[in-house]
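Since the structure comes first, as structure tokens, the remarks are kept for the end.
Here you go:
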């Protein structure tokens, strides 16, 4: 009887350990550009910022490169898919992907919007000066 | 004007709740039956008040009364009628109002059902608890979530509903279904507390709440499936489930609720698992509150910068009170909750139920951890993170497969103990069905261990369920010389709970197979086409025919016309679209889906024509998705069957009755 309980307890402990290992391996941090460039997290990350004007370069074979900025920091992003309709200069975006050297390879590119469904241009963290650059 | 009437109705509802609690409490304390009878009437008053407030809200929405903030935020002059109606629950305050309406409706119906037991302390306590919950929601609307808050400056036009909530008619069904499911679990919770307080935690309270629990479970199931369908048909990302916190919030009470529906039978039959059942009910109710907190307080998805509302603190406080109160009550009664019986054999119906319950509880724990972890990390570490889908999938697949196995085996096992011979006889045909299916799908080149196992177990479960269904019907046919349909209907009417349960299980198997196939064998492409150009994806040929633009006051829709052909057959023109709404910058994609028995062709518009007139289409071929919705429908149907009143002359609960001798084997397929 006691042996059965020990086995059951060990099994439960094993499952819990497995669960937390999986959890740890699948956590994706969400950071603004200014934190992302200093952290350089390993694994999948989501980074939020706005598209720097005059940096969007469309690749010949599809895909797009651009710079993302927030809080004074800038990072280079490469996205291989076709960007959504609202992707444009100063658009507030969230990219999901991994660092590859100096570049951020994005698998997913989302336009960030608030619940009110208005451009969040009033959010100072993501302010973008269209006349800049 | 309307704001004042609406607010007054809410105040009346709150007052009725307080008076009801006070009267019932005084009646119990003084032992006065007339007070107990009078107290119940306040429940109906609260329901009338909630219905009145909801009616005023609809009136204000249709009258475009922009002096009310909620109306100004959620309808525009151009909003069509359907979406004006559904706007009532397209934001926080209105959702709480709908919640209060559903809750008071459930409570009123319950007090009506138990009108003959109006002075029974268990029922009185349950009513007091339910009124307490009602009071909380009315209180929210009096304070932080007032749906009738007025604006200082009345705008000329309103903002209109969130674009996602005015793009598909399913919005009229999915949220109310979910709310009815969520709210319904308040009744078993109230009775569980009543049972704890009165010390009557035998099997009586379980019988009292059995039907309500099933109703709530049925609505929650339908709500979740409809939510997946909505996600698939409206959101246009090609999937139906993304382990999003909001989705998880609806899954959590479903998991514990499902566990409860099963473990109840063990207590009814053997008097075991009393603490466990009460804990499951408490947990389910807590999880519905947690779900509301997650979806409505703005704590999740901070990436979207949702405005954090004050209501979060209230819901969290309420959750803590309920959880601590529940644990304290159970601890207080712990010594008297001990079960009189034990599990005799690991190969018995009750052991299968126990394992099924542990799996459901474990599943809930896994989902809860993954859902709440980001909140804890943000609260304690100030880091924003999310838990990726692989975590949920890697955990959910083995648990789901184990559940499928026990679902097939459980109903076949007899109670208490059994011999190897009995099991061999009963599982012989299902085992062959599973093995042959396994050989067949492997021979056909099916990929993925999880998929192959799911198909084989699905066949195993189908055969086991089919055998159970067939036995009863055949016995009836033999005993009464009835035709197949008549025998089936009569057998089901004789024991609706058993047959309803088996039908639900059929639905679960269908859903499981559809999940396995549609998650494992998706073809996903993106194609960029110029005018009249074609592309081939799997067996389909897609030709871009042109673009149409529809403009209305509500929205502007860009449709891309695509001719779909397969093997020389013209399958018609499909038109994936992107709509833009005046209140939003983001375009809302509307996929165009060719639904088929074997597979869906799923087209989305990734980007509308560029300078060269080329469009980019997302193309997916999703196998068996139709069966996901079909399985959900079968589950709902089974729930309805299980709710039918049993046609029995005896007062004994049908599942406890022993079947007549000629149908001897029927005993095995008890609940």
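Protein chains in written order, with our numbering: chain A, 1198 to 1330; chain B, 4 to 674. Note that CB positions come from ideal geometry on N, CA and C, so glycine has one too.
{"Query": "Out of curiosity, what's the CA-to-CA distance linking residue 93 of chain B and residue 160 of chain B?", "Result": "18 Å"}
{"Query": "Pull up the distance between the alpha-carbon of residue 579 of chain B and that of residue 166 of chain B, whole angstroms please.", "Result": "17 Å"}
{"Query": "According to DSSP, residue 1276 of chain A sits in a beta bridge with which residue or residues?", "Result": "A:1261, A:1303"}
{"Query": "Any C-beta of chain B within less than 8 Å: which residues of the region 1277-1297 of chain A qualify?", "Result": "1278, 1279, 1280, 1281, 1282, 1283, 1291"}
{"Query": "Can you pull the chain A residues whose beta carbon is under 8 Å from the beta carbon of residue 610 of chain B, in chain order?", "Result": "1279, 1280, 1281, 1282"}
{"Query": "Which ranges would you report for the alpha helix (DSSP H) in the region 309-353 of chain B if only whole runs of at least 4 residues count?", "Result": "314-335"}
{"Query": "Taking only beta-carbon atoms, is residue 275 of chain B less than 8 Å away from chain A?", "Result": "no"}
{"Query": "What does the alpha-carbon distance come out to for the pair residue 1313 of chain A and residue 592 of chain B?", "Result": "Per-residue confidence for residue 1313 of chain A stands at a pLDDT of 37, beneath the threshold of 50, marking its modelled position as unreliable; no derived number is given."}
{"Query": "Just to confirm, are residue 258 of chain B and residue 436 of chain B a CB contact at a threshold of 8 Å?", "Result": "no"}
{"Query": "Compare the C-beta of residue 1216 of chain A with all C-beta atoms of chain B and state if any pair is closer than 8 Å.", "Result": "yes"}
{"Query": "Determine the chain A residues that contact residue 390 of chain B at a beta-carbon separation under 8 Å, and present them in chain order.", "Result": "1220, 1223, 1224, 1225"}
{"Query": "Would you call the region 378-390 of chain B and the region 1225-1232 of chain A in contact, with 3 or more CB pairs under 8 Å?", "Result": "yes"}
{"Query": "Indicate whether residue 630 of chain B and residue 516 of chain B have their beta-carbon atoms separated by less than 8 Å.", "Result": "yes"}
{"Query": "Report the three-state DSSP secondary structure of residue 191 of chain B (helix, strand or coil).", "Result": "helix"}
{"Query": "By the criterion of Cβ-Cβ separation under 9 Å, what are the contact partners of residue 1304 of chain A in chain B?", "Result": "Per Cβ cutoff of 9 Å: no residues; residue 1304 of chain A is ~12 Å from chain B at best."}
{"Query": "With three or more C-beta pairs closer than 8 Å as the rule, is the region 130-138 of chain B touching the region 180-198 of chain B?", "Result": "yes"}
{"Query": "Among A:1241, A:1200, A:1269, which one has its Cα closest to the Cα of residue 1248 of chain A?", "Result": "A:1269"}
{"Query": "Let me make sure I understand the geometry here. Which of A:1287, A:1292, A:1267, A:1200 has the alpha-carbon closest to that of residue 1242 of chain A?", "Result": "A:1292"}
{"Query": "Could you tell me the alpha carbon to alpha carbon distance between residue 613 of chain B and residue 533 of chain B, rounded to whole angstroms?", "Result": "10 Å"}
{"Query": "Using the three-state DSSP reduction, which class does residue 3 of chain B fall into: helix, strand or coil?", "Result": "Nothing about residue 3 of chain B can be read from this structure; chain B reaches only from 4 to 674."}
{"Query": "List, in chain order, every chain B residue whose beta-carbon is nearer than 7 Å to that of residue 1234 of chain A.", "Result": "Near residue 1234 of chain A there are no residues of chain B at all, since even the closest Cβ is about 16 Å away, more than 7 Å."}
{"Query": "Using DSSP with H/G/I as helix, E/B as strand and the rest coil, what is residue 182 of chain B?", "Result": "helix"}
{"Query": "Can you list, in chain order, the residues of its chain whose CB lies under 6 Å from that of residue 307 of chain B, leaving out five sequence neighbours each side?", "Result": "Reliability of the predicted coordinates at residue 307 of chain B is poor, the pLDDT of 33 falling under 50, and the value obtained from them is presented with this limitation in mind. Cβ neighbours of residue 307 of chain B beyond the five flanking positions: none."}
{"Query": "Pairs of beta-carbons, one from the region 37-51 of chain B and one from the region 117-133 of chain B, closer than 8 Å: are there three or more?", "Result": "yes"}
{"Query": "Taking its Cβ as the centre, do 16 or more other Cβ atoms sit within 10 Å of residue 324 of chain B, making it buried, or is it exposed?", "Result": "exposed"}
{"Query": "For residue 172 of chain B, count the other beta carbons within 10 Å of its own beta carbon; 16 or more makes it buried, fewer makes it exposed. Which is it?", "Result": "exposed"}
{"Query": "Alpha carbon to alpha carbon, how far is residue 639 of chain B from residue 416 of chain B?", "Result": "25 Å"}
{"Query": "Check the Cβ-Cβ distances between residue 1228 of chain A and every residue of chain B, and say whether any is below 8 Å.", "Result": "yes"}
{"Query": "Determine which residues share a DSSP beta bridge with residue 625 of chain B and list them.", "Result": "B:603"}
{"Query": "Helix, strand or coil for residue 575 of chain B per DSSP?", "Result": "strand"}
{"Query": "Tell me whether the beta-carbon of residue 519 of chain B lies closer than 8 Å to the beta-carbon of residue 458 of chain B.", "Result": "yes"}
{"Query": "Short check: CB of residue 87 of chain B to CB of residue 104 of chain B, under 8 Å?", "Result": "no"}
{"Query": "If you drop the 5 nearest sequence neighbours on each side, which residues of the same chain put their C-beta closer than 7 Å to that of residue 27 of chain B?", "Result": "39, 42, 127, 130, 131"}
{"Query": "Are the CB atoms of residue 147 of chain B and residue 314 of chain B nearer to each other than 8 Å?", "Result": "yes"}
{"Query": "Checking 8 Å against the spacing of the C-beta atoms, do residue 13 of chain B and residue 141 of chain B come in under that value?", "Result": "yes"}
{"Query": "Over the uninterrupted alpha helix (DSSP H) stretch that includes residue 26 of chain B, give me the two end residues.", "Result": "5-33"}
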